[in-house]
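Residue numbers (numbering that gives the first Met the number 0): 0 to 111.
Presented below is the structure to which this report refers.
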Amino acid sequence: MEIIATQRGGVVSLALAGRLDAFSAPRLRQCLDEAMAQGQVRLVVDLSNAPLVDSNGLGVLVSGMKQARQNGGDLKLAGLQPTTRVIFELTRLDRAFDIADDVEAALAAFQA
């Protein structure tokens, strides 16, 4: 999996390309930890190019969201593919996360 980090308006956006699974989840965890260690607690994870999110990936996302919120920020998700959205709905994580259609909408939600 490839992770491209960008920053706009005090929000770090992590664009994932590839499967978020047991193999790649530790890499995302490292990126989230590094961002938060630098005081970046407003995060967007762009899943528009992630065709699969397994339980390991869900665990990293939930952990990152909790850590961000404990530090006064938030972790928002953007661009969920239909199959991924179903996983979030079945696990009811769609109620825990702020999920936007795209990165622009997620960034705008931080400004609201």
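Ideal Cβ positions, reconstructed from N, Cα and C, are used throughout, including at glycine.
In terms of alpha-carbon separation, which member of the options lies closest to residue i?
{"i": "Gln80", "options": "Asp100, Arg91, Gln66 and Asn70", "result": "Asp100"}
{"i": "Leu60", "options": "Gly71, Ala111, Val85 and Gln29", "result": "Gln29"}
{"i": "Asn70", "options": "Gly38, Ile98 and Ser47", "result": "Gly38"}
{"i": "Asn48", "options": "Ile86, Ala105, Ile98 and Ile2", "result": "Ile2"}
{"i": "Gly56", "options": "Ala36, Met35, Ile86 and Gln6", "result": "Ile86"}
{"i": "Leu13", "options": "Ser23, Val43 and Asp20", "result": "Val43"}
{"i": "Leu142", "options": "Ala16, Gly78, Leu15 and Ser54", "result": "Residue 142 is absent from the structure shown; the chain starts at 0 and stops at 111."}
{"i": "Ala107", "options": "Val52, Arg41 and Asp20", "result": "Arg41"}
{"i": "Phe22", "options": "Ala36, Leu51 and Gly72", "result": "Leu51"}
{"i": "Asp32", "options": "Ser62, Leu19, Gln6 and Leu46", "result": "Ser62"}
{"i": "Arg94", "options": "Asp45, Met64 and Met0", "result": "Met64"}
If you follow the beta strand (DSSP E) that residue i is in, where does it begin and where does it stop?
{"i": "Gln6", "result": "Glu1 to Arg7"}
{"i": "Leu13", "result": "Val10 to Ala16"}
Residue i to residue j, Cα distance in whole Å?
{"i": "Leu76", "j": "Gly9", "result": "16 Å"}
{"i": "Asp97", "j": "Leu74", "result": "8 Å"}
{"i": "Val11", "j": "Ala34", "result": "8 Å"}
{"i": "Pro25", "j": "Ala36", "result": "16 Å"}
{"i": "Gly78", "j": "Leu15", "result": "10 Å"}
For the alpha helix (DSSP H) holding residue i, just list the boundary residues, first then last.
{"i": "Asp45", "result": "No alpha helix (DSSP H) contains Asp45, which is instead part of the beta strand (DSSP E) from Arg41 to Asn48."}
{"i": "Ser54", "result": "Ser54 to Gln69"}
{"i": "Leu51", "result": "Premise fails: Leu51 is in no alpha helix (DSSP H) and is neither H nor E."}
{"i": "Leu104", "result": "One detail in the question is off: residue 104 reads as Ala in this sequence, not Leu. Unbroken alpha helix (DSSP H) run through Ala104: Val102 to Gln110."}
{"i": "Leu31", "result": "Ala24 to Ala36"}
{"i": "Leu79", "result": "No alpha helix (DSSP H) holds Leu79; DSSP gives it neither H nor E."}
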